[in-house]
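S.K.: In terms of the working numbering, the sequence shown has -2 at position 1, counting the first letter as 1, and numbering is strictly consecutive. Beta carbons: idealized from backbone N, C-alpha and C, even for Gly.
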Amino acid sequence: MQDILEAIMAADGSVDPARELGGVAGLPVPESYRGVVVRAEETRMFDGMATRDKDPRKALHLQEVPTPELGPGEALVAVMASAINYNTVWTSIFEPLSTFRFLQRYGRTSELARRHDLPYHVVGSDAAGVVLRVGAGVSRWRPGDEVVAHCLSVELEDAAGHDDTMLDPQQRIWGFETNFGGLAELAVVKANQLMPKPAHLSWEEAASPGLVNSTAYRQLVSHHGANMKQGDVVLIWGASGGLGGYATQMALNGGAIPVCVVSSPEKAELCRRMGAELVIDRSAEGFRFWSDEQTQDPDEWRRFGERIRELTGGEDPDIVFEHPGRETFGASVYVAKRGGTIVTCASTSGFLHQYDNRYLWMHLKRIVGSHFANYREAWEANRLVALGKIHPTVSRTYALEQTGQAAYEVHRNAHQGKVGVRCLAPEDGLGVRDPELRARHAEAINRFRGR
Ligand SMILES: NC(=O)c1ccc[n+]([C@@H]2O[C@H](COP(=O)([O-])OP(=O)(O)OC[C@H]3O[C@@H](n4cnc5c(N)ncnc54)[C@H](OP(=O)(O)O)[C@@H]3O)[C@@H](O)[C@H]2O)c1
-2 MQDILEAIMA
8 ADGSVDPARE
18 LGGVAGLPVP
28 ESYRGVVVRA
38 EETRMFDGMA
48 TRDKDPRKAL
58 HLQEVPTPEL
68 GPGEALVAVM
78 ASAINYNTVW
88 TSIFEPLSTF
98 RFLQRYGRTS
108 ELARRHDLPY
118 HVVGSDAAGV
128 VLRVGAGVSR
138 WRPGDEVVAH
148 CLSVELEDAA
158 GHDDTMLDPQ
168 QRIWGFETNF
178 GGLAELAVVK
188 ANQLMPKPAH
198 LSWEEAASPG
208 LVNSTAYRQL
218 VSHHGANMKQ
228 GDVVLIWGAS
238 GGLGGYATQM
248 ALNGGAIPVC
258 VVSSPEKAEL
268 CRRMGAELVI
278 DRSAEGFRFW
288 SDEQTQDPDE
298 WRRFGERIRE
308 LTGGEDPDIV
318 FEHPGRETFG
328 ASVYVAKRGG
338 TIVTCASTSG
348 FLHQYDNRYL
358 WMHLKRIVGS
368 HFANYREAWE
378 ANRLVALGKI
388 HPTVSRTYAL
398 EQTGQAAYEV
408 HRNAHQGKVG
418 VRCLAPEDGL
428 GVRDPELRAR
438 HAEAINRFRG
448 R
């Protein structure tokens, strides 16, 4: 592994590293590597505990695992950096179910897929690194290419996935519903998950947008999601968080008017740094949409709607960018404009939503479900990063050994933007190939750093 790292590091700062790096092709692939895993024998370790008390640090382990055989159409990547996504939090607390169920189900589908069904699950759905090997039939990528990986794994054997890859019946999220994920020194991906690494970013910056940037792109911009247009008022929950930090940037880039909801003055400041002018601090303003576990308070929906109108000069949101779920969904449906869209990709606070349907049907609103992104959407979202039009939101990074702590902070909502993880990269800041483009955007790239 050290030889691989040295070969990658030797290319640091060179003009055309991807081709010079071909040297890694000559290096042997290690028989094993270090990866962050959850263990099948520990899936019941948190039984009976409240969600909040389940501690990812107890369930995530860094251990040596055997390098899997590479199948046709796959690539083996030396991972320089990865990032924490909320799906790793879910995996680590075994909610809403153990991800070993996904691996078992996948393992039953084919001989090749059986490799994934193991008593350990190497997690992680983001990666930036260097291609070490490609499997049979891969011609677009070769050893030495500097890449990022999006997390859509599909088989595409069914006609259903050939219009929109997200509709493939064998659609999975890599590193969550498959094994050999990105929080590791090596990762196995399908070659069509690979995309060029944005040249002006360091490894940890390049690794961090993948999952959330692609998801926000489909959810907000794509015609499969809310199809945002210029002038739309967009209410964004968690606007400085993983998804929200990208949704806010996309709304501003696209000429829309984001109304950012956050829970602290620091997070409000981050939204303003991104360029947002309309910000609601939900904690400071004390919004409580539920009076008890079973009962929502429509007066609070109204108060929230009035606050939005106060900020927008009387307008309601054309789009509500939803993901907190149960706690906010009733309010989201209420405040959306007549004919507006509530687009949802998650239910962090609970997946059984309640809302007053009269506000939906009488005011002709739509609820749209959205999940990750198809190949094209992921590619377009990455292109925006590579062009310097969307910027990473890395606030902090951790060494691979500290992944549990990193996931714990995301679980506790104690983080800002994205939390990066250095896998093979020994320090932050390595891997920048286009310093000129970086210099043009240095302030934006760093606006979440150290927060
Ligand atoms: N379907 C998909 O493809 C997909 C993709 C990515 C993520 N997700 C899911 O989306 C959710 C968010 O992911 P993320 O990466 O954005 O996580 P994140 O970095 O934790 O950000 C979420 C933000 O939502 C806000 N929030 C949390 N609980 C809330 C509540 N009860 N009421 C109002 N706001 C709340 C918080 O912001 P404030 O405290 O500042 O308000 C938090 O920063 C997770 O459940 C994740 O699994 C789904």
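State the Cα-Cα distance for the pair residue 189 and residue 159, rounded to the nearest angstrom.
M.R.: When rounded, the distance between both Cα atoms is 14 Å.
S.K.: Within 10 angstroms of the Cβ of residue -1, are there 16 or more other Cβ atoms? Answer buried if so, exposed if not.
M.R.: Classification of residue -1: exposed, given that the 10 Å Cβ count is below 16.
S.K.: Taking buried to mean at least 16 other C-beta atoms within 10 Å of its own C-beta, is residue 194 buried or exposed?
M.R.: Buried, by the Cβ-count rule.
S.K.: Compute the minimum distance between the beta carbon of residue 410 and the heavy atoms of ligand 1, and state whether it is under 6 Å.
M.R.: Yes, ligand 1 has a heavy atom inside 6 Å of this Cβ.
S.K.: DSSP three-state label for residue 319, please.
M.R.: Strand at residue 319.
S.K.: Do the CB positions of residue 225 and residue 376 come within less than 7 Å of each other?
M.R.: No. Outside cutoff.
S.K.: Starting from residue 7, trace the alpha helix (DSSP H) both ways and give me its first and last residue.
M.R.: Note, residue 7: alpha helix (DSSP H), -1 to 7.
S.K.: Check whether the Cβ of residue 287 sits closer than 6 Å to any heavy atom of ligand 1, and report yes or no.
M.R.: For ligand 1, not one heavy atom lies less than 6 Å from the Cβ of residue 287.
S.K.: Does the beta-carbon of residue 359 have 16 or more other beta-carbons within 10 angstroms, so that it is buried, or is it exposed?
M.R.: Classification for residue 359: exposed.
S.K.: Ligand 1 heavy atoms versus the CB of residue 245: any closer than 6 Å?
M.R.: Checking the Cβ of residue 245 against ligand 1 gives no.
S.K.: Put residue 352 into one of helix, strand or coil per three-state DSSP.
M.R.: Looking at residue 352 - three-state DSSP - the assignment turns out to be coil, as it is neither helix nor strand.
S.K.: Taking the beta strand (DSSP E) that residue 193 falls in, what are its first and last residues?
M.R.: Counting along the chain, the beta strand (DSSP E) containing residue 193 begins and ends at 191 to 193.
S.K.: What separation, rounded to the nearest whole angstrom, lies between the Cα atoms of residue 246 and residue 100?
M.R.: Each residue's alpha carbon lies about 35 Å from the other.
S.K.: Applying the criterion that 16 or more other CB atoms from any shown protein chain within 10 Å of the CB defines a buried residue, is residue 255 buried or exposed?
M.R.: That one is buried.
S.K.: So residue 282 packs on residue 304, CB below 8 Å; how close in whole Å?
M.R.: Sure, about 7 Å apart at Cβ, within 8 Å.
S.K.: Under a three-way DSSP split, which group does residue 294 fall into?
M.R.: The answer is coil: DSSP assigns residue 294 none of H, G, I, E or B.
S.K.: By the three-class DSSP mapping on this structure, what secondary structure does residue 359 have?
M.R.: If DSSP states are grouped into helix, strand and coil, residue 359 belongs with coil.
S.K.: Quick one: what does DSSP say residue 311 is sitting in, helix, strand or coil?
M.R.: Looking at residue 311 - three-state DSSP - the assignment turns out to be coil, as it is neither helix nor strand.
S.K.: Does the Cβ of residue 321 lie closer than 6 Å to at least one heavy atom of ligand 1?
M.R.: Yes, Cβ of residue 321 sits closer than 6 Å to a heavy atom of ligand 1.
S.K.: Where does residue 223 fall in DSSP's three states?
M.R.: If DSSP states are grouped into helix, strand and coil, residue 223 belongs with coil.
S.K.: Considering only C-alpha positions, which residue in the set 30, 445, 27, 6 is nearest to residue 242?
M.R.: Closest option to residue 242, Cα to Cα, is 445.
S.K.: So residue 315 and residue 229 are supposed to be a Cβ contact under 8 Å. How far apart are they, rounded?
M.R.: About 4 Å; that satisfies the 8 Å criterion.
S.K.: With burial defined as no fewer than 16 other Cβ atoms inside 10 Å of the residue's Cβ, what is the status of residue 252: buried or exposed?
M.R.: The residue is exposed, with fewer than 16 neighbouring Cβ atoms inside 10 Å.
S.K.: Considering only the beta carbon of each residue, do residue 417 and residue 205 sit closer than 7 Å?
M.R.: Contact flag set, yes.
S.K.: Measure the CB-CB distance between residue 430 and residue 196 and report whether it falls below 7 Å.
M.R.: Cβ distance < 7 Å, so residue 430 and residue 196 count as in contact.
S.K.: Note down, in chain order, each residue of its chain lying with its Cβ closer than 6 Å to the Cβ of residue 329, except the 5 sequence neighbours on either side.
M.R.: These residues qualify, in order along the chain: 317, 319, 339.
S.K.: Under 6 Å from any heavy atom of ligand 1, does the C-beta of residue 260 make it?
M.R.: Indeed, a heavy atom of ligand 1 lies less than 6 Å from the Cβ.
S.K.: Judging by CA-CA distance, which residue of 62, 240, 266, 234 is the nearest neighbour of residue 257?
M.R.: With distances taken between Cα atoms, residue 257 lies closest to 234.
S.K.: Can you determine whether any heavy atom of ligand 1 sits closer than 6 Å to the C-beta of residue 350, and answer yes or no?
M.R.: No - ligand 1 has no heavy atom lying nearer than 6 Å to the Cβ of residue 350.
S.K.: Assign residue 411 to one of two classes, buried (16 or more other C-beta atoms within 10 Å of its C-beta) or exposed (fewer than that).
M.R.: Exposed.
S.K.: Quick check: the segment 160 to 175 against the segment 137 to 150, are there 3 or more CB pairs under 8 Å?
M.R.: The segment 160 to 175 vs the segment 137 to 150: in contact.
S.K.: Write down the C-beta distance between residue 222 and residue 216 rounded to the nearest angstrom, noting that I regard them as a contact closer than 8 Å.
M.R.: Indeed, because the Cβ distance is near 4 Å, the residues count as touching under 8 Å.
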